[in-house]
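Colleague: If you're matching them up, the sequences are chains A and B in order.
Heads up: the first sequence is residues 389 to 734, going by my numbering.
Heads up: the second sequence is residues 389 to 734, going by my numbering.
Beta carbons are placed, not taken as given, at the ideal position from N, Cα and C, and that holds for glycine.
The structure is given below, and queries will be raised subsequently.
Number of protein chains: 2
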Amino acid sequence: MLDDALTAALLAGKVAALARAVSIVENGRSGYEELLATLHPRLGRARRIGLTGPPGAGKSTLTERLVTAYRVQGLRVAVVAVDPTSPFTGGALLGDRIRMESVALDPGVYIRSMATRGSLGGLATATREVCDVLDAAGFERIIVETVGVGQSELDVTRMADTTALILVPESGDGIQTLKSGIIEAADLFVVNKADRPGADKLRRELEMSLDLRSGRMSRPVPAHHGALRSGPPKRPAVDVADPTVWRPPVLVTTASKGDGIEAVIDALEAHWLWLVASGALEQRRRTRLAERTREVVERAMRRWVWQEAHADEMITARLDDVSVGRTSPYELAADIVAALKEGARV
Amino acid sequence: MLDDALTAALLAGKVAALARAVSIVENGRSGYEELLATLHPRLGRARRIGLTGPPGAGKSTLTERLVTAYRVQGLRVAVVAVDPTSPFTGGALLGDRIRMESVALDPGVYIRSMATRGSLGGLATATREVCDVLDAAGFERIIVETVGVGQSELDVTRMADTTALILVPESGDGIQTLKSGIIEAADLFVVNKADRPGADKLRRELEMSLDLRSGRMSRPVPAHHGALRSGPPKRPAVDVADPTVWRPPVLVTTASKGDGIEAVIDALEAHWLWLVASGALEQRRRTRLAERTREVVERAMRRWVWQEAHADEMITARLDDVSVGRTSPYELAADIVAALKEGARV
């Protein structure tokens, strides 16, 4: 009943209901799965845009510019800032959040930082679920911004319709190390802080690397050393020979000055149109739903094992044997799993 | 049979057997749990030392110095370098590895880098299991070095007998942000790169913070601005009033010059003696074995769900319903878990 009232208020765009629903889902509080199940048929209108990249690439500044551009278009925008890093870097990232204040007071903008969730669900799952709440609440663009450490930059590709990798000119030194995973997963590359030397060189390197990977020769590109490229992507993003193929464009921006932002907005729009026209959107969203279901199954299994079947008590009862080496954690675990299967039989 | 031969060769100190066993365990290859179960009764002789801290704190250099010091004592030392970070920083950390070359050719030293493991087991679990192999193979000191991002610095405390947090003078600016989790978990603090300004200030701040936390007034400490403290810890590490309490010492080193290393070795020894005398060692190891068993149970449950019961097929069969919103991932997951429990009944 409470859920029905909350859902109705959320769908009606009530701010207090949104804050409450996000909080329930973020913290995995009682009833959050029921709430998400109720919202599920309402999902799919929002475009989910993931921004990732190394610390210091200017993701927050770029996000702020994108938010402003979407607001000019009259769209409601949510920003979910995911911080998977430790207390070691917590301070610096908090600084980024504060800098987004130019848009923070706009009632058409919602900003949420996420750091951790309890043991039964990971941060990536919680982020996806918070995005569902925002989607149901009618936000037309959801920008998920995450610093690229650990698994997080690959996680973001699994929750976004479009993933943009944000780099800086200095990233060129490490471009060889970038190649595993994230290059393949990004739909869009942005070389930000292009007022520093090397932006155009990195753009060309990225384009060449992307063309090589797709088996195409790179067209000769005139060098504009240090010149700012803020126009539309120089290569056609959709392959003329095969429109089902998306060729990730490489854009150059100086987000702090607002340079190149329109081209990013255009490329995001082009990618969306391609997603819809090629059938890739439906395919990606199906894949994501299957992954989500897998996560929920695993969470339910953990709940069964530890909260309902109290497998911890079985561990405690035999821990002496494990301690002195009479049995091993592996044998004990096998016995527990066998007992769980037995127990289900009763 | 193969396992028996491998185990025998491993226990006999054969280098090829060690490499093979580590590889089997690191990659979770067929038979690795049986191998670990066989080794389990042989574990416990090694002291496991965890080093964590922010990127750039000089952990690898400190590790190299500690390895050298232990080698002088005639001890066999293994180093497990855990890199939970993304391709973004892969290059820099690889550089650290290469720098450890002064000890890499010593046959009494074993160095292994770990980055990822497949979906059925996480990096932290794999690291603990590789440490088991090294323990069984007779290494007397196992140093687990991990950069403090994400969960990794808390993970290391769960696999080490002694955890040292390595900081640099500049870390003082973020000391407030350090307080959640890792400060409480560290047994030992090292302010490295003490030839930079601020080392002594950070040491005093840390001591004060630790004393406040334990409810003790900090004794006035004379300021030695910029002076290098390479002697033994200035505060008694074991509380005179209550010898079951360990007071984490704060040491100051310049690992690149070898300054302060002996004091770290002494503090590690003191902590080990305290662990044994206070009963904390047995307690920590019991807790770790219980945690390990929990991880193995979860892994076995995942194997059951996805590999034996083929729950993926149930997801695929109903994905259309989820896609169009007729059902939600939560309802589908609940049905799958119910079916699994049913299926166990057959």
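#1: Taking C-alpha atoms, which residue in A:G401, A:T451 and A:P442 lies nearest to S644 of chain A?
#2: Report yes if the C-beta distance between V532 of chain B and V468 of chain B is below 8 Å; otherwise report no.
#3: Please state whether DSSP places A697 of chain A in a helix, a strand or coil.
#4: Between which two residues does the alpha helix (DSSP H) carrying E593 of chain A extend?
#5: Taking 8 Å as the threshold (beta carbon to beta carbon), is V470 of chain B in contact with chain A?
#6: When we look at the beta-carbon of L394 of chain B and count the other beta-carbons within 10 Å, is it buried (16 or more) or exposed?
#7: Which term fits R490 of chain A, buried or exposed, when burial requires 16 or more other beta carbons within 10 angstroms of its beta carbon?
#8: Does V685 of chain B have its Cβ less than 8 Å from a Cβ in chain A?
#9: How would you write the range of the alpha helix (DSSP H) that A573 of chain A sits in, first residue to last?
#10: In its own chain, which residues sit with a C-beta less than 6 Å from the C-beta of D575 of chain A, not counting the 5 before and 5 after it?
#11: Which first and last residues belong to the beta strand (DSSP E) in which V638 of chain B is found?
#12: Exposed or buried, what is G713 of chain B when buried is set at 16 or more other beta-carbons lying within 10 Å of its beta-carbon?
#13: Is L431 of chain A helix, strand or coil by DSSP?
#14: Buried or exposed: D471 of chain A, going by 16 or more other Cβ atoms within 10 Å of its Cβ?
#15: Near V413 of chain B, which residues of its chain fall below 8 Å by C-beta distance, leaving aside the five closest residues on each side in sequence?
#16: Just to confirm the assignment, what range does the beta strand (DSSP E) spanning S501 of chain A have?
#17: Looking only at C-alpha atoms, which of A:R672, A:P717 and A:R690 sits nearest to T675 of chain B?
#18: Does the Cβ of W662 of chain B lie closer than 7 Å to at least one heavy atom of the ligand GDP?
#19: I'd like to know whether the C-beta atoms of I499 of chain B and R436 of chain B end up nearer to each other than 8 Å.
#20: Spell out whether any CB of chain B is found under 8 Å from the CB atom of M689 of chain A.
#21: For the beta strand (DSSP E) that contains E528 of chain B, what are its first and last residues?
#22: For V685 of chain A versus A721 of chain B, is the C-beta spacing smaller than 8 Å?
#23: When DSSP labels each residue in this structure, what does T632 of chain B get in the three-state scheme?
#24: Exposed or buried, what is S418 of chain B when buried is set at 16 or more other beta-carbons lying within 10 Å of its beta-carbon?
#25: So which residues of chain B does A699 of chain A contact, with C-beta pairs closer than 7 Å?
#26: Taking the alpha carbon of R464 of chain A as the point to measure from, which residue in A:A678, A:R673 and A:F527 has its own alpha carbon closest?
#27: Using a Cβ-Cβ distance cut-off of 8 Å, determine whether I703 of chain B contacts chain A.
#28: Should T704 of chain A be labelled buried (16 or more other beta-carbon atoms within 10 Å of its own) or exposed?
#29: Among B:L553, B:K589, B:L590 and B:G586, which has the Cα closest to the Cα of E572 of chain B?
#30: Residues in the segment 705-732 of chain A with C-beta within 9 Å of chain B's C-beta atoms, listed in sequence order?
#31: Could you check what DSSP says for G438 of chain B in three-state terms: helix, strand or coil?
#32: Report the CB separation of P631 of chain A from A587 of chain A in whole angstroms; it is logged as a contact under 8 Å.
#33: Got a sec? Which residues, its chain only, sit under 7 Å from E347 of chain A by beta carbon, not counting five neighbours each side?
#34: State yes or no: is the C-beta of F577 of chain B within less than 8 Å of the C-beta of L600 of chain B?
#35: In this structure, does DSSP put T449 of chain B in helix, strand or coil?
#36: Identify the continuous alpha helix (DSSP H) that holds T681 of chain B and give its terminal residues.
Modeller: According to the structure data:
#1: Translated into the one-based positions of the first sequence, residue 644 of chain A becomes position 256. Nearest of A:G401, A:T451 and A:P442 to S644 of chain A, Cα basis: A:T451.
#2: The residue given as residue 532 of chain B occupies position 144 in the second sequence. The residue given as residue 468 of chain B occupies position 80 in the second sequence. Closer than 8 Å, so yes.
#3: One-based indexing of the first sequence puts residue 697 of chain A at position 309. In this structure, A697 of chain A counts as coil in the three-state DSSP scheme.
#4: Taking the first residue of the first sequence as 1, we reach residue 593 of chain A at position 205. Its alpha helix (DSSP H) spans residues A587 to R601.
#5: Position 82 of the second sequence, counted from the start, is the residue given in the question as residue 470 of chain B. So, not an interface residue.
#6: For the purposes of this step, residue 394 of chain B is identified with residue 6 of the second sequence, where counting begins at 1. So L394 of chain B counts as buried.
#7: Mapped onto the first sequence, residue 490 of chain A falls at position 102. The sequence given here places Ser at residue 490 of chain A; Arg does not occur at that position. S490 of chain A should be labelled exposed.
#8: One-based indexing of the second sequence puts residue 685 of chain B at position 297. Answer yes: the Cβ-Cβ gap between V685 of chain B and chain A drops below 8 Å somewhere.
#9: The sequence position of residue 573 of chain A within the first sequence is 185, counting from 1. Counting along the chain, the alpha helix (DSSP H) containing A573 of chain A begins and ends at I570 to A573.
#10: The residue given as residue 575 of chain A occupies position 187 in the first sequence. Hits under 6 Å: T550, T551, P636 and H659.
#11: Working through the second sequence from its first residue, we reach residue 638 of chain B at position 250. Run containing V638 of chain B: V638 to V640, per the beta strand (DSSP E) assignment.
#12: Numbered from its first residue, the second sequence carries residue 713 of chain B at position 325. With fewer than 16 other Cβ atoms within 10 Å, it is exposed.
#13: As a working note, residue 431 of chain A is residue 43 in the first sequence. Here L431 of chain A sits in coil by DSSP.
#14: Taking the first sequence and counting its residues from 1, one reaches residue 471 of chain A at position 83. Buried.
#15: Reading the second sequence from its first residue, position 25 is the one you call residue 413 of chain B. Hits under 8 Å: Y420, L423, L424, A514, E517, V518, D520 and V521.
#16: Walking along the first sequence from the start, residue 501 of chain A turns up at place 113. Per DSSP, S501 of chain A belongs to the beta strand (DSSP E) from V497 to M502.
#17: Residue 675 of chain B sits at position 287 when you count from the first residue of the second sequence. Looking at the Cα atoms, A:P717 is the closest of the given residues.
#18: Looking for the ligand GDP in the displayed structure turns up nothing, as the structure carries no ligands at all.
#19: Residue 499 of chain B sits at position 111 when you count from the first residue of the second sequence. Residue 436 of chain B sits at position 48 when you count from the first residue of the second sequence. Cβ atoms of I499 of chain B and R436 of chain B: not closer than 8 Å.
#20: Mapped onto the first sequence, residue 689 of chain A falls at position 301. M689 of chain A counts as touching chain B.
#21: In the second sequence, counting from the first residue as 1, residue 528 of chain B sits at position 140. First-last for E528 of chain B: undefined, no H or E at that position.
#22: Your numbering for residue 685 of chain A matches position 297 in the first sequence. Your numbering for residue 721 of chain B matches position 333 in the second sequence. Yes, these two residues count as a Cβ contact at 8 Å.
#23: If you number the second sequence from 1, residue 632 of chain B lands on position 244. Correct three-state label for T632 of chain B: coil.
#24: One-based indexing of the second sequence puts residue 418 of chain B at position 30. Classification of S418 of chain B: exposed, given that the 10 Å Cβ count is below 16.
#25: As a first step, residue 699 of chain A must be located in the first sequence, where it is residue number 311. Neighbours of A699 of chain A on chain B, chain order: V685.
#26: To locate residue 464 of chain A, count along the first sequence from 1; it is residue 76. Across the set A:A678, A:R673 and A:F527, the C-alpha of A:F527 shows the shortest separation from the C-alpha of R464 of chain A.
#27: As a position in the second sequence, residue 703 of chain B is number 315, starting the count at 1. It does: the Cβ of I703 of chain B has a partner Cβ on chain A nearer than 8 Å.
#28: In the first sequence, counting from the first residue as 1, residue 704 of chain A sits at position 316. Exposed, by the Cβ-count rule.
#29: Taking the first residue of the second sequence as position 1, residue 572 of chain B is located at position 184. Ranking the options by Cα distance to E572 of chain B, first place goes to B:L553.
#30: Correct list: R706, L707, D708, V710, S711, V712, G713, R714, T715, S716, P717, Y718, E719, L720, A721, A722, I724, V725, L728, K729, E730, G731 and A732.
#31: Residue mapping note: residue 438 of chain B aligns to position 50 of the second sequence, counting from 1. It is a strand residue.
#32: Numbered from its first residue, the first sequence carries residue 631 of chain A at position 243. Numbered from its first residue, the first sequence carries residue 587 of chain A at position 199. About 30 Å separates the two Cβ atoms, so there is no contact after all.
#33: No information on residue 347 of chain A is available, as it lies outside the stretch 389 to 734 that chain A covers here.
#34: Taking the second sequence and counting its residues from 1, one reaches residue 577 of chain B at position 189. Taking the second sequence and counting its residues from 1, one reaches residue 600 of chain B at position 212. No.
#35: As a first step, residue 449 of chain B must be located in the second sequence, where it is residue number 61. T449 of chain B falls in the helix class under three-state DSSP.
#36: Numbered from its first residue, the second sequence carries residue 681 of chain B at position 293. Segment A668 to R690, the alpha helix (DSSP H) holding T681 of chain B.
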